[in-house]
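Enquirer: Got a structure for you, written out below as structure tokens; questions coming shortly.
Below you can see the structure in the form of structure tokens.
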């Protein structure tokens, strides 16, 4: 019989080993599964055996914390070899993938909106600036006493399920935050430092911070070198038994309780996926919601009706480690309550069938053709090969995660190509590749199985046999485009956001449903104020279509006091709170703006016809009585009907108010056939078309808005001016593609325009210390509306989703930092440097959603909510529904509902709001994250066509600014390609030592590699530049390609 290599490998799977020696084994209770490389007792699922290892530097007293020994069975030599391998590799930091990027768009990606306005879709593991928005800092004890919120940061004493050294997991207690590293004390009695956060789930207030005081004395008080991160370390001196012992005992008890839950509910936990999965739809649930469906009736609840933390941990470990159908849905680790995406049953079953087809091929080859013939894969490979051959006649295959642009003349060959009709089995292979490369949601447990299956499919096709071609997800993404399964310009971000109609083979989310809403019904009709004699200014970009907000000014008897009315679109007076359109809006959470593809929360046609601000449309007005110093003297909320509406651009508003930082014309880089800018979506009023009174009103509005910004900054707010690029993606009107399940126009490519102010590069490289903007007045008014709404609802005890911040530092420390670092710039009327803003925001911490009001220090407000975008943000609609219902109750009863009282007239209860807030948090983060992903990916497509196909001329020098150094198997520099605001990596140049490269160094570079699928751009440094060698780009005329 032929001997195969797999029979003489050094190591074998422990499950196979267990089956071989099953006759020598004994029966053991089932334990919780693990995801480590440790060998375990056969037939036993435990967390990880390393938990019970005693640190070599611990005292013998810790023996009492180890579990009772169990009888073992004869150990073959292979076990000793496995253990030897583990001892040599399990804690070695080199075992982790040292690539600075992760290919998964759902894990550990974080950014700071102040320091990273053009954030990459990729995760930079050595991101020292992510602290301000995502991580942890020294802090006092903070209780989670606010309903509807689970804080997004760790405090000393929290228990975490820590991921380290690759795929290892272990319980640990968060000890403290150092400079840029987090410090943990693990259940194995060792300490570990990590940069960023790799926490799968956490349980707050496991021990009191004071219980860690003595432990801290024996731990490092500063960051460890990079090569010592992410690995467990023993103590230099023996740790006294009274210090480590109690903490280890508490973790062990938690572990034991969780393991007991697992053993008692093992049969039900094994059915977790089948219990909660939908046959055809993607589902989402928090760990608590999963507990309600899976653990109910099997686990005793606490007095408050909730499941104990150890029970949720047992469930988390089971589904996280052993269930392929559950995928972590949190974009960032330790950000609120753990959530999961639950794949459809039909999809996972289909994926299993494809894996079976591929295994049939392997078995056929190994048997020398004696086993069953793999007809399914062979038939698909043949068809795929033919389609790819046909595709390469008009589009090049590239190694850059995308196919090349169309080679012919689209104007002469304009026609639609019919999609290939795949058989049902062929569709399964295509769908597998689509899930593998597009969804990127297969998790780490089954990732290797899917990776091997996907690479086997690509190998079987026979068109990717070049030694330089890696049979990975990048190539699978390219393959889908060559097959015509997805458009040549398809971006991964659409799959990430689970946009409806992204794929004709995958139902990522339901589309907009037809409705029978009567848009003539106005629930607030009897209470509206007619604003026919009021001029409302809608200040928005020329391209804006759906108008959410407008301003008007009303004089008072005092010459320096005015009423500023903020008029917001009022769709909730038309739409039923629980109607079909509202349910769809809740499922989407937000309108998502991807370049060239808007994914609406509400039906666009209905919004434009009935809800967007215009003469005669409905509005909800948030009114503020302000003096010229920006001080809020009074406020009110009232429904209205709009009168005269004038639309102006932010530039016009800034010119009227003589703002000195107005950006000049942008630099435009373009690939594809550029068309003249289309006319504005609405009639725009120029400055010279405004009356003297209108000009005066706008000037007063600008002065009050800027004064209020200054006032809030003095009171602790932190505002940073942002310069944004803009990206236009469109098709020549004569070649507009028609994408459906039958036809796909493939012989055209989209035009990609990147607009970026020259002042952006000038600021980044150091030519200027001033950012360009249109001022802060509009932002201050929008935030003022949220402040008025929060205060109004709080007075009436109306449950709404407040936006709060739980400071990670004491009020004294926060105020002192502001006084020393922020206030001096405010008093001088100078722009606050980004590092100062970033440091301040890191002390404040990220914003949360809560049904209980609390201060928002970053805005300088005691309570705040969002209300100004009900046409594109569901939670804004929720606030409007609650306010409208309360207004009807007050106006009909002629009584203000201040204080306590019945609230049964409200459409939403507090408990219901608490149940949806975790999901709204996820949807809002997804929207923001994938909008940035899409911008980055389109820029990569632009770069491919400019770099390899010379469709646009890139500037010389091509300027790269270093941001931070990344240590790894190959050291590199992370930074930004300034001309198009693109995040990139630069190889360490031959003419410099790695340690000599500093943040802010400027280089002339060239492109050496590009991966569009994972958005990784690699550059090669040609020379280091001085500031004098970089031309200033912020010129009055601008440049244009």
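Numbering (our numbering), first residue to last: 138 to 1178. By construction, the Cβ of each residue, glycine as well, lies at the ideal position given by its N, Cα and C atoms.
1. Between the C-alpha atoms of residue 1086 and residue 449, what's the straight-line distance to the nearest angstrom?
2. Does the beta-carbon of residue 1128 have 16 or more other beta-carbons within 10 angstroms, so that it is buried, or is it exposed?
3. Counting along the chain, where does the alpha helix (DSSP H) carrying residue 379 start and finish?
4. Go through the region 624 to 674 residue by residue and report every complete run of the alpha helix (DSSP H) that reaches 4 residues or more, in order.
5. Could you round the C-beta distance between residue 922 and residue 1004 to whole angstroms and report it? I think they count as a contact, below 8 Å.
6. Going by the CB atoms, is the gap between residue 1028 and residue 632 shorter than 8 Å?
7. Mapping DSSP to helix, strand and coil, what is residue 967?
8. Between the Cα of residue 890 and those of 897, 865, 912, spot the shortest distance and give me the residue it belongs to.
9. Counting only the same chain and skipping the five closest in sequence on each side, list residues whose C-beta sits under 6 Å from that of residue 1161.
10. Which word fits residue 899, buried or exposed, when buried means at least 16 other C-beta atoms lie within 10 angstroms of its C-beta?
11. Leaving out five residues on either side along the sequence, give the residues of the same chain with a beta carbon under 7 Å from the beta carbon of residue 765.
12. Compute the beta-carbon to beta-carbon distance between residue 1133 and residue 1099, rounded to the nearest angstrom, for a pair I have assumed lies under 8 Å.
13. Looking at residue 860 and residue 908, is the spacing between their C-beta atoms short of 8 Å?
14. From the DSSP output, in three-state form, read off residue 589 for me.
15. With distances taken from CA atoms, which of 1119, 732, 856, 734 is nearest residue 81?
16. Could you check the C-alpha separation between residue 491 and residue 566 for me, to the nearest Å?
17. Enumerated in chain order, which unbroken segments of the alpha helix (DSSP H) with a length of 4 residues or greater are wholly contained in the region 752 to 806?
18. What residues are listed by DSSP as bridge partners for residue 299?
19. Once DSSP output is grouped into helix, strand and coil, what is the label at residue 606?
20. For residue 224, I'd like the list of residues in its chain whose CB is within less than 6 Å of its CB, leaving aside the five on either flank, ordered along the chain.
21. Consult DSSP for residue 105 and reduce its assignment to one of helix, strand or coil.
22. Assign residue 183 to one of two classes, buried (16 or more other C-beta atoms within 10 Å of its C-beta) or exposed (fewer than that).
23. Rounded to whole angstroms, what's the CA-CA distance from residue 772 to residue 761? Just pull it up for me.
24. Where does residue 745 fall in DSSP's three states?
25. What residue range is occupied by the uninterrupted alpha helix (DSSP H) comprising residue 1014?
26. Starting from residue 702, follow its DSSP beta bridges and name the residues at the other end.
27. From the DSSP secondary-structure annotation, give me the bridge partner or partners of residue 736.
28. Tell me whether residue 456 sits in a helix, a strand or coil according to DSSP, three-state version.
29. On the CB-based measure, 16 or more other CB atoms within 10 Å of its CB, does residue 1158 come out buried or exposed?
30. Could you say which of 856, 805, 1065, 925 lies nearest to residue 1090 if we only look at CA atoms?
31. Locate the alpha helix (DSSP H) running through residue 465, then write down its first and last residues.
32. Look up residue 1067 in the DSSP assignment and say whether it is helix, strand or coil.
33. Can you tell me whether residue 430 is helix, strand or coil according to DSSP?
34. Do residue 858 and residue 910 come within 8 Å of each other at the CB atom, strictly closer than that value?
35. Tell me whether the beta-carbon of residue 1081 lies closer than 8 Å to the beta-carbon of residue 1147.
36. Can you give the Cα-Cα distance for residue 1023 and residue 817, rounded to whole angstroms?
Expert: In short:
1. Against the chain shown, residue 1086 aligns to sequence position 949. Against the chain shown, residue 449 aligns to sequence position 312. Their backbone Cα atoms lie some 54 Å apart in a straight line.
2. As a first step, residue 1128 must be located in the chain shown, where it is residue number 991. Its Cβ having fewer than 16 others within 10 Å, residue 1128 is exposed.
3. For the purposes of this step, residue 379 is taken as residue 242 along the chain shown, with counting starting at 1. First-last of the alpha helix (DSSP H) with residue 379: 378 to 401.
4. 629 to 633
5. The residue labelled residue 922 in the question sits at position 785 within the chain shown. The residue labelled residue 1004 in the question sits at position 867 within the chain shown. So it is a contact: roughly 5 Å between Cβ atoms.
6. As a working note, residue 632 is residue 495 in the chain shown. As a working note, residue 1028 is residue 891 in the chain shown. The answer is no: Cβ separation not under 8 Å.
7. The residue labelled residue 967 in the question sits at position 830 within the chain shown. In this structure, residue 967 counts as coil in the three-state DSSP scheme.
8. The residue given as residue 890 occupies position 753 in the chain shown. Considering only alpha carbons, the answer is 865.
9. Mapped onto the chain shown, residue 1161 falls at position 1024. The residues are 1140.
10. As a position in the chain shown, residue 899 is number 762, starting the count at 1. Counting Cβ neighbours within 10 Å, residue 899 comes out buried, since at least 16 surround it.
11. Within the chain shown, the letter at position 628 stands for residue 765. Hits under 7 Å: 697, 840, 841, 844.
12. Your numbering for residue 1133 matches position 996 in the chain shown. Your numbering for residue 1099 matches position 962 in the chain shown. With a Cβ gap of about 11 Å, residue 1133 and residue 1099 do not count as contacting.
13. Here the question's residue 908 lines up with position 771 in the chain shown. Here the question's residue 860 lines up with position 723 in the chain shown. A contact, by the Cβ cut-off of 8 Å.
14. Position 452 of the chain shown, counted from the start, is the residue given in the question as residue 589. It is helical.
15. There is simply no residue 81 to check, as the chain begins at 138 and stops at 1178 in what is shown.
16. Translated into the one-based positions of the chain shown, residue 491 becomes position 354. Translated into the one-based positions of the chain shown, residue 566 becomes position 429. Roughly 6 Å between the two C-alpha positions.
17. 787 to 793
18. Locating residue 299 in the chain shown gives position 162, where the first residue counts as 1. Answer is 307, 336, bridged to residue 299.
19. Position 469 of the chain shown, counted from the start, is the residue given in the question as residue 606. Of the three classes helix, strand and coil, the one that applies to residue 606 here is coil, per DSSP.
20. If you number the chain shown from 1, residue 224 lands on position 87. For residue 224, the pLDDT reaches just 46, beneath the cut-off of 50, and the residue's location in the model is therefore unreliable, leaving the point undetermined.
21. For residue 105 there is no data in the structure shown, the boundaries of the chain being 138 and 1178.
22. Along the chain shown, read from residue 1 onward, the residue named residue 183 stands at position 46. Only weak support is given to the placement of residue 183: the predicted model assigns it a pLDDT of 44, under 50, and the value that follows is read from those uncertain coordinates. Answer is buried; the Cβ neighbour count reaches 16.
23. For this step, residue 772 is matched to residue 635 along the chain shown. For this step, residue 761 is matched to residue 624 along the chain shown. If you take the alpha carbons of residue 772 and residue 761, they lie about 4 Å apart.
24. Numbered from its first residue, the chain shown carries residue 745 at position 608. Three-state result, residue 745: helix.
25. Numbered from its first residue, the chain shown carries residue 1014 at position 877. That run of the alpha helix (DSSP H) goes 1011 to 1030.
26. Locating residue 702 in the chain shown gives position 565, counting from the first residue. Per DSSP, 689, 760.
27. For the purposes of this step, residue 736 is taken as residue 599 along the chain shown, with counting starting at 1. Its beta-bridge partners are 729.
28. Walking along the chain shown from the start, residue 456 turns up at place 319. In this structure, residue 456 counts as helix in the three-state DSSP scheme.
29. As a working mapping, residue 1158 is identified with position 1021 in the chain shown. The residue in question, residue 1158, is buried, as its Cβ has 16 or more Cβ neighbours within 10 Å.
30. Here residue 1090 refers to the residue found at position 953 when the chain shown is read from its first residue. Considering only alpha carbons, the answer is 805.
31. Sequence index remark: in the chain shown, residue 465 carries index 328 (1-based). It is not in any alpha helix (DSSP H) - residue 465 instead sits in the beta strand (DSSP E) that spans 463 to 465.
32. Indexing the chain shown from 1 puts residue 1067 at position 930. Note: residue 1067 maps to helix in three-state DSSP.
33. Locating residue 430 in the chain shown gives position 293, where the first residue counts as 1. Correct three-state label for residue 430: helix.
34. The residue given as residue 910 occupies position 773 in the chain shown. The residue given as residue 858 occupies position 721 in the chain shown. Yes, they are a contact pair.
35. Here residue 1081 is taken as the residue at index 944 of the chain shown, counted from 1. Here residue 1147 is taken as the residue at index 1010 of the chain shown, counted from 1. Going by C-beta atoms, residue 1081 is nearer than 8 Å to residue 1147.
36. The sequence position of residue 1023 within the chain shown is 886, counting from 1. The sequence position of residue 817 within the chain shown is 680, counting from 1. Their Cα atoms are separated by approximately 38 Å.
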